[in-house]
Amino acid sequence: MMHVKHQADRERERMRRQKEEFASHVAAKKVEQLKKAAILVRKQNPQTIALLTAFLSGKTPRPAL
């Protein structure tokens, strides 16, 4: 009977790991998108990117753009 429990534990652990890996993959993609957006914005307005950078790093409240 213990074997079945261990099997279920392993399966749960595998699913949890997969979810974490997927979440970090999604986060990495979002960071890349933000970097690309930041480059585009910087070309248009250096002040805007400074405000957004400060906000995203948690140093300031949300800027009124």
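If you count by my numbering, then the sequence shown holds residues 14 to 78, one letter each, in order. C-beta: ideal position from N, C-alpha, C; glycine also.
Residue 72 carries a coil assignment under DSSP once its states are collapsed to helix, strand and coil. CA-CA distance, residue 45 to residue 28, rounds to 26 Å. Excluding its 5 nearest sequence neighbours in each direction, residue 20 has no C-beta neighbour in its own chain below 7 Å. When rounded, the separation of the alpha-carbon atoms in residue 26 and residue 32 is 10 Å. Pairing residue 48 with residue 17, the inter-Cα distance amounts to about 47 Å.
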